Amino acid sequence: MKKSLFIVLIIASFLACGDKQDNESIRKEAQISGKITAVDSIDIPEKLVTYLYNETKADYDQIEIEVGKDGAFTSTLPVDRSMSISIYGDYGVQLLISPGDSIHIATDARFEKVAYDGKGGDVNTALTAYKDNNPTEKLLESEEVLSPQDYALLLDSISIEVQSYNKDFLANHDQQVLQDYVMSEEAFLIPAKKLAYALYSPQGAVALNDSTFTNSFNNLPEYKKEYDLNTNNPAMIANYLGYVWEVDALENTTDSREKAFMNCLMSLENN
Numbered sequence: 009m010k011k012s013l014f015i016v017l018i019i020a021s022f023l024a025c026g027d028k029q030d031n032e033s034i035r036k037e038a039q040i041s042g043k044i045t046a047v048d049s050i051d052i053p054e055k056l057v058t059y060l061y062n063e064t065k066a067d068y069d070q071i072e073i074e075v076g077k078d079g080a081f082t083s084t085l086p087v088d089r090s091m092s093i094s095i096y097g098d099y100g101v102q103l104l105i106s107p108g109d110s111i112h113i114a115t116d117a118r119f120e121k122v123a124y125d126g127k128g129g130d131v132n133t134a135l136t137a138y139k140d141n142n143p144t145e146k147l148l149e150s151e152e153v154l155s156p157q158d159y160a161l162l163l164d165s166i167s168i169e170v171q172s173y174n175k176d177f178l179a180n181h182d183q184q185v186l187q188d189y190v191m192s193e194e195a196f197l198i199p200a201k202k203l204a205y206a207l208y209s210p211q212g213a214v215a216l217n218d219s220t221f222t223n224s225f226n227n228l229p230e231y232k233k234e235y236d237l238n239t240n241n242p243a244m245i246a247n248y249l250g251y252v253w254e255v256d257a258l259e260n261t262t263d264s265r266e267k268a269f270m271n272c273l274m275s276l277e278n279n
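So the sequence shown is numbered by our numbering: it starts at 9 and just counts up by one.
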């Protein structure tokens, strides 16, 4: 009897180890596969490059994916959390992907007509619809370059419409990864668009010297861990702060760049 019980316990332990390994695999990997068809003068690419943000390096890991002559491809990616990734041939697309996903992509070589299937496919179908119907860029179109003050006022009015759009979208999509993505877009919409104006508009230098224009940089919303999955608006602000802090740190201290940067980071309240 004791011998039988001992054998049962050994089998149970092996099964538990197997389950643990399966869970570890689910937590750390995701699969993507798909089929690319040639379109117009654009041939099927020989390979795709996937960009995954690596927090440890503060840079992107690049993973190459071979594409068959028939346009088929498949790859297993190291994914330990929900994140946005980019996949490029000659053209590309951004995806939201989570551990355990197995997303299948059917697309033309321009990545203009993209369809998703498999686990995680519904999230990316919804993400495509969210981007295609988002009113932000259309509302920002202007035949003339607005002054920093007028641009800031326009952003305030646009923000109200975008909040309404986001609310309606999330009422019909309760997946957590979409909730986090949309809310992070909304939280950093105004400062990210102001930064783009400052970097690329002819009046950018004037804008950055206008305290009423830049006040949103000094009063950023609290950054949440969930926002890490979004490499759009939040990432733009993070890169800007990194540049500013680095310049200030190197001008005002003899510390190493890394130490000076971390001192600036630790001085932020609620962030």
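Yeah, the Cβ is synthetic: ideal placement off N, Cα and C, and Gly gets one too.
Note that this is a predicted model, so its numbers are computed, not measured.
Q. Any idea which residues DSSP pairs ASN62 with across the strands?
A. Walking along the sequence shown from the start, residue 62 turns up at place 54. In the DSSP output, where bridge partners are listed per residue, ASN62 has ASP67.
(Q) Just to confirm my understanding: we take SER41, look at its own chain, exclude 5 residues before and 5 after, and list those with CB closer than 7 Å. What are they? (A) Along the sequence shown, read from residue 1 onward, the residue named residue 41 stands at position 33. The answer, listed in chain order, is PHE81, THR82 and HIS112.
(Q) Does THR222 come out as helix, strand or coil in the three-state DSSP assignment? (A) Mapped onto the sequence shown, residue 222 falls at position 214. DSSP places THR222 in helix when its eight states are reduced to three.
(Q) DSSP has THR84 in a bridge; who is on the other side? (A) Locating residue 84 in the sequence shown gives position 76, counting from the first residue. DSSP output for THR84 lists GLN39 as bridge partner(s).
Q | Rounded separation between MET244 and ILE44 - CA only | A | As a working mapping, residue 244 is identified with position 236 in the sequence shown. As a working mapping, residue 44 is identified with position 36 in the sequence shown. Taking the straight line from one Cα to the other gives about 31 Å.
(Q) Spatial neighbours of VAL131 within its chain, please: C-beta separation below 7 Å, excluding the five flanking residues on both sides. (A) Locating residue 131 in the sequence shown gives position 123, counting from the first residue. Only LEU104, GLN183, VAL185 and LEU186 meet the Cβ criterion.
(Q) What does the alpha-carbon distance come out to for the pair TYR189 and GLN171? (A) Sequence index remark: in the sequence shown, residue 189 carries index 181 (1-based). Sequence index remark: in the sequence shown, residue 171 carries index 163 (1-based). Their Cα atoms are separated by approximately 13 Å.
Q.
Taking only three categories from DSSP, how would you classify ASP48?
A. The residue labelled residue 48 in the question sits at position 40 within the sequence shown. Coil at ASP48, not helix or strand.
Q | Cβ shell of PRO242 (< 6 Å), same chain only, five flanking positions each side left out | A | Sequence index remark: in the sequence shown, residue 242 carries index 234 (1-based). Within the same chain, PRO242 has close Cβ partners SER192, PHE196 and TYR235.
Q) Would DSSP call VAL75 helix, strand or coil? A) Translated into the one-based positions of the sequence shown, residue 75 becomes position 67. Residue state, collapsed to three classes: coil.
Q) Given a threshold of 16 other Cβ atoms within 10 Å of its Cβ, counted over all protein chains shown, does GLY76 qualify as buried or as exposed? A) In the sequence shown, residue 76 corresponds to position 68, counting from 1. With fewer than 16 other Cβ atoms within 10 Å, it is exposed.
Q) Which of helix, strand or coil does DSSP assign to GLN171? A) Against the sequence shown, residue 171 aligns to sequence position 163. Here GLN171 sits in helix by DSSP.
Q. Who does VAL122 pair with in a DSSP beta bridge?
A. As a working mapping, residue 122 is identified with position 114 in the sequence shown. DSSP output for VAL122 lists THR115 as bridge partner(s).
Q) CA-CA distance, LEU162 and HIS181? A) Position 154 of the sequence shown, counted from the start, is the residue given in the question as residue 162. Position 173 of the sequence shown, counted from the start, is the residue given in the question as residue 181. If you take the alpha carbons of LEU162 and HIS181, they lie about 28 Å apart.
Q | C-alpha gap between GLN211 and ASN223, whole angstroms | A | Residue 211 sits at position 203 when you count from the first residue of the sequence shown. Residue 223 sits at position 215 when you count from the first residue of the sequence shown. Straight-line Cα distance between these residues: approximately 17 Å.
Q: Determine the closest residue to TYR138 out of TYR61, PHE177, TYR59 and ILE198, with distance taken between C-alpha atoms.
A: Residue 138 sits at position 130 when you count from the first residue of the sequence shown. It is PHE177 whose Cα lies nearest to the Cα of TYR138.
Q: For ALA46, count neighbouring Cβ atoms within 10 angstroms of its own Cβ and tell me buried if that reaches 16, exposed if not.
A: Start at 1 with the first residue of the sequence shown, and residue 46 comes out as number 38. By the neighbour-count rule (16 or more Cβ atoms within 10 Å), ALA46 is not buried but exposed.
Q. Cα-Cα, which of SER165, VAL214, ASP116 and ASP125 is closest to PRO156?
A. As a working note, residue 156 is residue 148 in the sequence shown. Among SER165, VAL214, ASP116 and ASP125, the Cα nearest to that of PRO156 belongs to VAL214.
Q.
Does PRO86 pass the burial test, meaning 16 or more other C-beta atoms within 10 Å, or should it be called exposed?
A. By 1-based counting over the sequence shown, the position of residue 86 is 78. Exposed is the call here.
(Q) Given this structure, state the Cα-to-Cα distance separating TYR68 from GLU152, to the nearest angstrom. (A) As a first step, residue 68 must be located in the sequence shown, where it is residue number 60. As a first step, residue 152 must be located in the sequence shown, where it is residue number 144. Answer to the nearest angstrom: the Cα atoms are 36 Å apart.
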